[in-house]
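As numbered in full-length UniProt numbering, residues 1 to 275 make up the sequence shown, in order.
What follows is one structure encoded as structure tokens, with my remarks underneath.
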Amino acid sequence: METSILFFILAGLLIAILVGYSLWSARREKSRIFSNTFSTRPPSNPINNTIQSEIPPTLQSTSIDPLLQGNSLSPNPNDFEQIQQEVKEIKISLPNQPSDQVALEQPTFSQTLQQEERPISIQINGTENTPSVQLEESVPATTQPQIITLYVVAAEGQQFRGDVIAQQLDALGFQYGEYQIFHRHLDNSASPVLFSVANMMQPGVFDLAKMDQFSTVGLVFFMHLPSAGNDLVNVRLMIRTVESFAQSVNGFVLNEERELFDDHSREQYLLRVAK
């Protein structure tokens, strides 16, 4: 019992010694780092509120002699003579006028300003007039004729028979006529041609007497614009006719770029005519 009490007492003393030593070491370290050294430093120079800047000699304004300052506004006679000599050496030639008839006068100050401002006004006027000239040139004088084209081609490895072509074209109102091709007229054969159809294979014509003996991979339908009547109505009629023919012969309709004729192509064709 006494041994345990003695042990606790020694342990408490040891802990107290360790704590005291730690506090003493910490205080000593703190006093060493944060010791007051301001008293040992030399006093600093007071800060002046005025800012002193050293201007380089090249930036410092030099004093002007009153005599020189008074003469600076008056032109130097030598300079006038040099300018006059240079002006005399300039030769000005105007259109349809001999060069020896041009008389040069000594320019005054007001004339010099007018001569300097004159090219500026000419440049501005020229700039303002340029767009109007470009706009006038961009407006076409007359509408250029154009051709609307559609193709009907057979499936890969197949061809259209000549007798089937003639039968289907006749059912759609085509008539065999000029240039040995089929035409769709406005009314009868004496009326204007709306659009025509030719053979895609050379020479592009049809021999009506041998239609049952020939075949082709495709046909080309075309319309010349402007056409007889309303161009937009005629183009719509042509598109419907070509699609009906392609459906009757199991073919495919292609646009001018030899791509499938879809809704986008239809819209582009109609926009071209509507412009």
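For each residue, glycine too, the CB sits at the ideal point set by N, CA and C.
Where does residue i sit, in a helix, a strand or coil, going by DSSP?
i, result
"residue 7", "helix"
"residue 157", "coil"
"residue 206", "coil"
"residue 94", "Legend: pLDDT at residue 94 = 46, less than 50; position of this residue unreliable, no value from coordinates given."
"residue 164", "helix"
"residue 245", "helix"
"residue 215", "strand"
"residue 137", "In this predicted model, residue 137 has a pLDDT of only 44, less than 50, meaning its place in the structure is not dependable; the value taken from the coordinates is given anyway. Looking at residue 137 - three-state DSSP - the assignment turns out to be helix."
"residue 20", "helix"
"residue 100", "Low per-residue confidence applies at residue 100: pLDDT is 46, beneath 50, and the placement is therefore not dependable, though the value from the model is reported in the following sentence. The answer is helix: DSSP assigns residue 100 an H, G or I state."
"residue 228", "coil"
"residue 268", "helix"
Check whether the Cβ atoms of residue i and residue j sit closer than 8 Å, and answer yes or no.
i, j, result
"residue 176", "residue 220", "no"
"residue 214", "residue 147", "no"
"residue 162", "residue 211", "yes"
"residue 159", "residue 217", "yes"
Using DSSP bridges, identify the partner residues of residue i.
i, result
"residue 176", "182"
"residue 198", "220"
"residue 150", "221"
"residue 193", "185"
"residue 253", "152"
"residue 260", "254"
I believe residue i touches residue j by the beta-carbon criterion, under 8 Å. Please report the beta-carbon distance rounded to the nearest angstrom.
i, j, result
"residue 273", "residue 208", "Going by Cβ atoms, the distance from residue 273 to residue 208 rounds to 32 Å, so no, they are not a contact pair."
"residue 172", "residue 245", "6 Å"
"residue 243", "residue 235", "Actually they do not touch by this definition, with Cβ atoms about 13 Å apart."
"residue 251", "residue 164", "Not confirmed; about 11 Å, so no contact."
"residue 248", "residue 255", "So it is not a contact: roughly 20 Å between Cβ atoms."
>> Tell me whether the stretch 221-230 and the stretch 194-207 touch, counting them as touching only if at least three CB pairs, one residue from each stretch, are closer than 8 Å.
In response: yes
>> Contact between the stretch 179-187 and the stretch 245-261 is defined here as three or more beta-carbon pairs at a separation below 8 Å; is this criterion met?
In response: no
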